[in-house]
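**Student:** Numbered according to the numbering used here, the sequence shown terminates at residue 829, and the numbering increases by one at each position without gaps.
Don't be surprised by glycine CBs; every beta carbon is placed ideally from N, CA and C.
Remember, it's a predicted structure, so these values are computed and weren't measured experimentally.
First, the structure itself, so that you have it in front of you.
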Amino acid sequence: MDPFGPMHNETVELLSAKVADYGLPLFTSDADLQNGEKSEGFEEMLDSDLDANLLCSYLSDLCVAEKENISNGVIEENSEIGLLHACKKSIDLLKERYIKCTELVNELRSNYEMVTERTSSLHNACDRMMAYQTQIAAGAEQIHANLYYYTQYESIMKKLNTGKLSITGQVFTQILSTIDECLRFLKSHMHYKDSGTYVAKYEQCLSKAMTVIRMGVMTDLEASHSAVKDRHMKLDIDSRQNGYSDDDTFALLYGVFAARASSVRSALNVAEQHFRDITEFHLMVTDCQQAYFRIRYEMLEPVIRSTIEGLKRNHENSSCALTRNGCAFLLRLCDDEFRLYKQFFTVGDDGSGSRSVAISTPSSPHALILAPFISGTTSFDDFIESLCRVFYDILRPIIIHNPHLETLTELCTILKVEMIEERCGLMQSVMSVKRLVGYTSGETSSPSYTDDYMANPRNGFVRVMTELVGDVAERIVYRISLYAQSDIVEFTPSSGDLAYPEKLEMMKAIEKEHTVEKNNSNAASSISAINLYCLWYPTVRRTVLSLSKLFKCLEPLVFQSIARELLIACCQSLEDAAEQIRNTAAEKISRNRRFLDAELFIVKHLLILREQTSPYRIIMPPGNTPADTIPQRDYVFDFSKYRISASQLFHDRHRWFELTSNNAFLEFLLQVPLAVTEAAGDSRRIIDVRLKTHCHNLINTTSDMIISEFADYIAKAEEIVATPDFDIANNESLKASNMQNFAGQAYKKLTHLWPEIKECFDLYINCKETENILLQPIKKRIIDLFTRASTFVDKFYNNEQKQIAGLPTQEHIWLVMNA
Numbered sequence: 011m012d013p014f015g016p017m018h019n020e021t022v023e024l025l026s027a028k029v030a031d032y033g034l035p036l037f038t039s040d041a042d043l044q045n046g047e048k049s050e051g052f053e054e055m056l057d058s059d060l061d062a063n064l065l066c067s068y069l070s071d072l073c074v075a076e077k078e079n080i081s082n083g084v085i086e087e088n089s090e091i092g093l094l095h096a097c098k099k100s101i102d103l104l105k106e107r108y109i110k111c112t113e114l115v116n117e118l119r120s121n122y123e124m125v126t127e128r129t130s131s132l133h134n135a136c137d138r139m140m141a142y143q144t145q146i147a148a149g150a151e152q153i154h155a156n157l158y159y160y161t162q163y164e165s166i167m168k169k170l171n172t173g174k175l176s177i178t179g180q181v182f183t184q185i186l187s188t189i190d191e192c193l194r195f196l197k198s199h200m201h202y203k204d205s206g207t208y209v210a211k212y213e214q215c216l217s218k219a220m221t222v223i224r225m226g227v228m229t230d231l232e233a234s235h236s237a238v239k240d241r242h243m244k245l246d247i248d249s250r251q252n253g254y255s256d257d258d259t260f261a262l263l264y265g266v267f268a269a270r271a272s273s274v275r276s277a278l279n280v281a282e283q284h285f286r287d288i289t290e291f292h293l294m295v296t297d298c299q300q301a302y303f304r305i306r307y308e309m310l311e312p313v314i315r316s317t318i319e320g321l322k323r324n325h326e327n328s329s330c331a332l333t334r335n336g337c338a339f340l341l342r343l344c345d346d347e348f349r350l351y352k353q354f355f356t357v358g359d360d361g362s363g364s365r366s367v368a369i370s371t372p373s374s375p376h377a378l379i380l381a382p383f384i385s386g387t388t389s390f391d392d393f394i395e396s397l398c399r400v401f402y403d404i405l406r407p408i409i410i411h412n413p414h415l416e417t418l419t420e421l422c423t424i425l426k427v428e429m430i431e432e433r434c435g436l437m438q439s440v441m442s443v444k445r446l447v448g449y450t451s452g453e454t455s456s457p458s459y460t461d462d463y464m465a466n467p468r469n470g471f472v473r474v475m476t477e478l479v480g481d482v483a484e485r486i487v488y489r490i491s492l493y494a495q496s497d498i499v500e501f502t503p504s505s506g507d508l509a510y511p512e513k514l515e516m517m518k519a520i521e522k523e524h525t526v527e528k529n530n531s532n533a534a535s536s537i538s539a540i541n542l543y544c545l546w547y548p549t550v551r552r553t554v555l556s557l558s559k560l561f562k563c564l565e566p567l568v569f570q571s572i573a574r575e576l577l578i579a580c581c582q583s584l585e586d587a588a589e590q591i592r593n594t595a596a597e598k599i600s601r602n603r604r605f606l607d608a609e610l611f612i613v614k615h616l617l618i619l620r621e622q623t624s625p626y627r628i629i630m631p632p633g634n635t636p637a638d639t640i641p642q643r644d645y646v647f648d649f650s651k652y653r654i655s656a657s658q659l660f661h662d663r664h665r666w667f668e669l670t671s672n673n674a675f676l677e678f679l680l681q682v683p684l685a686v687t688e689a690a691g692d693s694r695r696i697i698d699v700r701l702k703t704h705c706h707n708l709i710n711t712t713s714d715m716i717i718s719e720f721a722d723y724i725a726k727a728e729e730i731v732a733t734p735d736f737d738i739a740n741n742e743s744l745k746a747s748n749m750q751n752f753a754g755q756a757y758k759k760l761t762h763l764w765p766e767i768k769e770c771f772d773l774y775i776n777c778k779e780t781e782n783i784l785l786q787p788i789k790k791r792i793i794d795l796f797t798r799a800s801t802f803v804d805k806f807y808n809n810e811q812k813q814i815a816g817l818p819t820q821e822h823i824w825l826v827m828n829a
């Protein structure tokens, strides 16, 4: 800021006021007046835009003019003018000094900024040097720390080569921790010099450490095995004198091993904490597990075999009891072995060790229950499977040589339903619930959760029993074929089995004699004696009973195949029985009635079969469509085209060597010689086809009992009137009297036989709804015949002949049949 500005402005204002009129002439003329106006303009300009430089120039001009005026004698010299000159000189001098001061200040400012900049640069350089020094010190420390991972190899290898090294001691734990730490560091810094070399060295140390653990674990296992052998020998000596109980055997087999389990488990846990993802660790654990399983198998196999042999002797006459008790023993063994196994080894997410074999899930209604057992195999599962094979080898010959179908079905039910689905499936369901609780509570990573819930000890048992179920099913399929042929198709009925309708009438009479007053609820739930199970035809009883037993114990496709075979055999036996009923002569029973009894007999039992087998048709394993499981299909192969093609080839010998598409050999090769016909044949269709056929036969037989002669007459009459040159007056057979005789005879049979027919239907079918369904087409056929007769009479008879014919009306016939 200029410090002389205000003083300068005040001086200029003061001087302006002083010299406003100084030294100026008076204005007396117009020119002077104009000059005065200019002076006024000049003053205005001074008042408005006058600055210091302009003022100096004006003052200089004024001084020059004043000097001229003084020299010319116009005006006299004034002291104030001199003073003004002195002030002007002072101002000029002051201005020069001000300019010099300004230049000096600017020079000082530039020098100061230059010194400040150099000082900052020096300070920054010092900071960089300090940072470099710190970085170098940290690098030295890092190098010193990194050298630690290169210098531990000798120490570790020396300790591992020491003979007296406990795998559960603090020293060995520290060795494993150091190996893990060094390997992790070197593998993450492979760009360091010699990192690859030292990684190989530490992997050698790791392999040595795993060998030490392996040898330590196997030493403990062998020591336990030797201790069990020694105690077993002492126990045998004591048993000859005092005997011993199962508790002693349990303590011998499990107590000794459990005492050494903690040391093995702790050593493996320490190694697992550091080397869970290392291949050498898994190989070491696998070797330890195999040694453990081998020793346990050598100890348990004689005990299991002797126990199963004892059960076999105790249940010599009951293979079902042997199977049930043997499976219960094996299930307890599985749980005990798994409990001991968990004391030695950690059970991972996949059960116990790595999966060894992956197999597909079988198609079954219970696939969701069995899927966890058969989704894969583990080392523990293989061990349990080898133990269960002892029972399998003893039980399988008994099953193979068992000729009784009922025993085989019971065995299959015990194995598949009781043991696999109920006992093993229940355990899997409980484990699934606990697993779900673990997930929701956020404790899935805890060791107890993994050990308790992620493995099932019965997987190996389930696999062996599933294989045994397959063997039983094969035996059942073989026996059921023989059973269907010998006991169903070739069944020879007794006279009582074919006593229809006598046995039904007898049961109806007994039911009426023993009928008492009941309330509506009890009456609604009562079952007619005619529909009792004991009155079924024997082959129907056997078929339904066999299917009910086989349904739970066989796979759906196998069951459908067996059901199809049994139903075909049963239907064939019903056909034979119905034929014998037709041919049976009975007093007071007409031949037509025997035919009606035969058809009602077979329809009744086909309806029973249809009703009793309906629950077995709805079988759909999860994830499958009905088209995948239910339909059973017959494939018919027709080889007749082979003969036709061969004969055509030899017949067209002249076309053998033609070089066109008409060549006989080419045509023979391109023709399809095999025809395959596919037809669906599930159990429902088998029954429905036969039921439809026999319902038509029943309708025809029943209606023919009433209108067969009348129907033949009407058909003959319609044929006659269709001939050319027909004249009813010249045809004696078409007289109204003949029409009246046939119609009257049919109406008479209708009034007499229809109540008997309805009673017969009620006796056999005993279901009003089904009876109405069967009687409806019979009624329709009778009504249609009388309608045809009425149409014929209306067309060809006159009024007098119509009165002679006397055909009943449709309403009259409906009243008779619905009475």
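Look up Gln786 in the DSSP assignment and say whether it is helix, strand or coil.
**Tutor:** Sequence index remark: in the sequence shown, residue 786 carries index 776 (1-based). Note: Gln786 maps to helix in three-state DSSP.
**Student:** To the nearest angstrom, report how far apart Lys614 and Cys580 are at their CA atoms.
**Tutor:** Looking up residue 614 in the sequence shown gives position 604. Looking up residue 580 in the sequence shown gives position 570. For Lys614 and Cys580, the distance between alpha carbons rounds to 13 Å.
**Student:** If you drop the 5 nearest sequence neighbours on each side, which residues of the same chain put their C-beta closer than 6 Å to that of Asn530?
**Tutor:** The residue given as residue 530 occupies position 520 in the sequence shown. Any reading at Asn530 is ruled out, since the residue's pLDDT is 46, under 50, leaving its predicted position unreliable.
**Student:** Is it buried or exposed for His284, if we count other Cβ within 10 angstroms and need 16 for buried?
**Tutor:** Here residue 284 refers to the residue found at position 274 when the sequence shown is read from its first residue. Buried.
**Student:** Are Ala271 and Leu343 close, meaning C-beta to C-beta below 9 Å?
**Tutor:** Along the sequence shown, read from residue 1 onward, the residue named residue 271 stands at position 261. Along the sequence shown, read from residue 1 onward, the residue named residue 343 stands at position 333. Taking 9 Å as the Cβ cut-off, Ala271 and Leu343 do not qualify as a contacting pair.
**Student:** Touching or not, the stretch 470-485 and the stretch 397-413, by the rule of three or more beta carbon pairs under 8 Å?
**Tutor:** yes
**Student:** If I follow the unbroken alpha helix (DSSP H) through Arg665, where does it start and stop?
**Tutor:** Position 655 of the sequence shown, counted from the first residue, corresponds to residue 665. Premise fails: Arg665 is in no alpha helix (DSSP H) and is neither H nor E.
**Student:** Would you say the stretch 210-218 touches the stretch 227-237, given that touching needs at least three Cβ pairs under 8 Å?
**Tutor:** no
**Student:** With three or more beta-carbon pairs closer than 8 Å as the criterion, would you say the stretch 742-755 touches the stretch 477-493?
**Tutor:** no
**Student:** Report the three-state DSSP secondary structure of Cys581 (helix, strand or coil).
**Tutor:** Here residue 581 refers to the residue found at position 571 when the sequence shown is read from its first residue. Helix, per DSSP.
**Student:** Tell me the residue span of the alpha helix (DSSP H) that contains Arg342.
**Tutor:** Looking up residue 342 in the sequence shown gives position 332. Taken as a continuous stretch (DSSP letters only), the alpha helix (DSSP H) holding Arg342 covers Ser329 to Phe354.
**Student:** Looking at Ile783 and Ile767, is the spacing between their C-beta atoms short of 9 Å?
**Tutor:** One-based indexing of the sequence shown puts residue 767 at position 757. One-based indexing of the sequence shown puts residue 783 at position 773. Contact flag unset, no.
**Student:** Just how far apart, CA to CA, sit Cys73 and Leu24?
**Tutor:** The residue you call residue 73 lines up with position 63 of the sequence shown. The residue you call residue 24 lines up with position 14 of the sequence shown. Spanning the two alpha carbons is a distance of roughly 17 Å.
**Student:** Taking all protein chains shown into account, decide if Ser505 is buried (16 or more other Cβ within 10 angstroms of its Cβ) or exposed.
**Tutor:** Along the sequence shown, read from residue 1 onward, the residue named residue 505 stands at position 495. By the 16-neighbour rule on beta-carbons within 10 angstroms, Ser505 is exposed.
**Student:** Please return the same chain residues whose Cβ sits closer than 7 Å to the Cβ of Val280, not counting the five positions on each side in sequence.
**Tutor:** Indexing the sequence shown from 1 puts residue 280 at position 270. The answer, listed in chain order, is Thr183 and Leu186.
**Student:** Within this structure, are the beta carbons of Cys422 and Leu557 separated by less than 9 Å?
**Tutor:** Position 412 of the sequence shown holds residue 422. Position 547 of the sequence shown holds residue 557. No.
**Student:** May I have the straight-line CA-CA distance separating Ile146 from Ala135, to the nearest angstrom?
**Tutor:** Numbered from 1 along the sequence shown, position 136 holds the residue referred to as residue 146. Numbered from 1 along the sequence shown, position 125 holds the residue referred to as residue 135. Approximately 16 Å, taken between the alpha carbons.
**Student:** Once you ignore the five residues that flank Tyr264 on each side, which residues in its own chain have a CB closer than 6 Å to its CB?
**Tutor:** Translated into positions along the sequence shown, residue 264 becomes position 254. Closer than 6 Å at the Cβ level, and outside the excluded window around Tyr264, lie Leu350.
**Student:** Report the three-state DSSP secondary structure of Gln162 (helix, strand or coil).
**Tutor:** Position 152 of the sequence shown holds residue 162. Coil.
**Student:** Throw me the rounded Cβ distance for the Ile394 and Pro467 pair, which I believe falls under 8 Å.
**Tutor:** For this step, residue 394 is matched to residue 384 along the sequence shown. For this step, residue 467 is matched to residue 457 along the sequence shown. Ile394 to Pro467, Cβ: 7 Å. Contact.
**Student:** Since I believe Met228 is in contact with Leu150 (beta carbons under 8 Å), could you give me their beta-carbon distance rounded to a whole number of angstroms?
**Tutor:** In the sequence shown, residue 150 corresponds to position 140, counting from 1. In the sequence shown, residue 228 corresponds to position 218, counting from 1. According to the sequence displayed, residue 150 carries Ala and not Leu. Not quite, the Cβ-Cβ distance comes to about 47 Å (not below 8 Å), so this is no contact.
**Student:** Rounded to whole angstroms, what is the Cα-Cα separation between Asp772 and Cys544?
**Tutor:** Taking the first residue of the sequence shown as 1, we reach residue 772 at position 762. Taking the first residue of the sequence shown as 1, we reach residue 544 at position 534. If you take the alpha carbons of Asp772 and Cys544, they lie about 19 Å apart.
**Student:** Using the three-state DSSP reduction, which class does Phe501 fall into: helix, strand or coil?
**Tutor:** As a working note, residue 501 is residue 491 in the sequence shown. Reduced to three states, the DSSP call for Phe501 is coil.
**Student:** Between Ile618 and Lys426, what straight-line distance do the alpha-carbon atoms span, to the nearest angstrom?
**Tutor:** Taking the first residue of the sequence shown as 1, we reach residue 618 at position 608. Taking the first residue of the sequence shown as 1, we reach residue 426 at position 416. Going by the C-alpha atoms only, they are around 29 Å apart.
**Student:** Using a Cβ-Cβ cut-off of 8 Å (strictly less than) and excluding sequence neighbours within five positions of Leu418, which residues of its own chain qualify?
**Tutor:** For the purposes of this step, residue 418 is identified with residue 408 of the sequence shown, where counting begins at 1. Excluding residues within five positions, the ones whose Cβ falls inside 8 Å are Ile409, Asn412, Val482, Arg485, Ile486 and Arg489.
**Student:** Return the CA-CA distance between Ser89 and Val22, expressed in angstroms with no decimal places.
**Tutor:** Working through the sequence shown from its first residue, we reach residue 89 at position 79. Working through the sequence shown from its first residue, we reach residue 22 at position 12. Rounded to the nearest angstrom, the two C-alpha atoms are 19 Å apart.
**Student:** Report buried or exposed for Trp764, applying the criterion of at least 16 other Cβ atoms within 10 angstroms of its Cβ.
**Tutor:** Here residue 764 corresponds to residue number 754 of the sequence shown, with the count starting at 1. It is buried - the Cβ of Trp764 has at least 16 other Cβ atoms within 10 Å.
**Student:** Please report the Cβ distance between Ile314 and Leu405, rounded to the nearest whole angstrom; I am assuming they are in contact, meaning their Cβ atoms lie under 8 Å.
**Tutor:** As a first step, residue 314 is located in the sequence shown; it is residue number 304 there, counting from the start. As a first step, residue 405 is located in the sequence shown; it is residue number 395 there, counting from the start. Ile314 to Leu405, Cβ: 13 Å. No contact.
**Student:** For His4, which of Met220, Arg620 and Thr797 has the nearest alpha-carbon?
**Tutor:** The requested residue 4 is not part of the displayed model; the chain covers only 11 to 829.
**Student:** Roughly how many angstroms lie between the CA atoms of Ala732 and Val699, to the nearest whole one?
**Tutor:** By 1-based counting over the sequence shown, the position of residue 732 is 722. By 1-based counting over the sequence shown, the position of residue 699 is 689. Using only the alpha carbons, I get a separation of about 37 Å.
**Student:** Going by other Cβ atoms of all chains shown within 10 Å of its Cβ, with 16 needed for buried, is Ala519 buried or exposed?
**Tutor:** Taking the first residue of the sequence shown as 1, we reach residue 519 at position 509. Flag for Ala519 reads exposed.
**Student:** Report back the beta-carbon spacing between Asp230 and Val274 to the nearest angstrom; my notes put them in contact at under 8 Å.
**Tutor:** As a first step, residue 230 is located in the sequence shown; it is residue number 220 there, counting from the start. As a first step, residue 274 is located in the sequence shown; it is residue number 264 there, counting from the start. Contact flag correct, Cβ pair sits at about 6 Å.
**Student:** Hey, how far is the Cα of Thr801 from the Cα of Leu795?
**Tutor:** Translated into the one-based positions of the sequence shown, residue 801 becomes position 791. Translated into the one-based positions of the sequence shown, residue 795 becomes position 785. If I take the Cα positions, the gap works out to 10 Å.
**Student:** Between Tyr626, Ser718, Glu769 and Thr761, which lies nearest to His822 when the distance is taken from Cα to Cα?
**Tutor:** Here residue 822 corresponds to residue number 812 of the sequence shown, with the count starting at 1. Taking each of Tyr626, Ser718, Glu769 and Thr761 in turn and checking the Cα distance to His822, the smallest one comes out for Thr761.
**Student:** Touch check for the stretch 159-174 and the stretch 115-130: three-plus C-beta pairs under 8 Å?
**Tutor:** no
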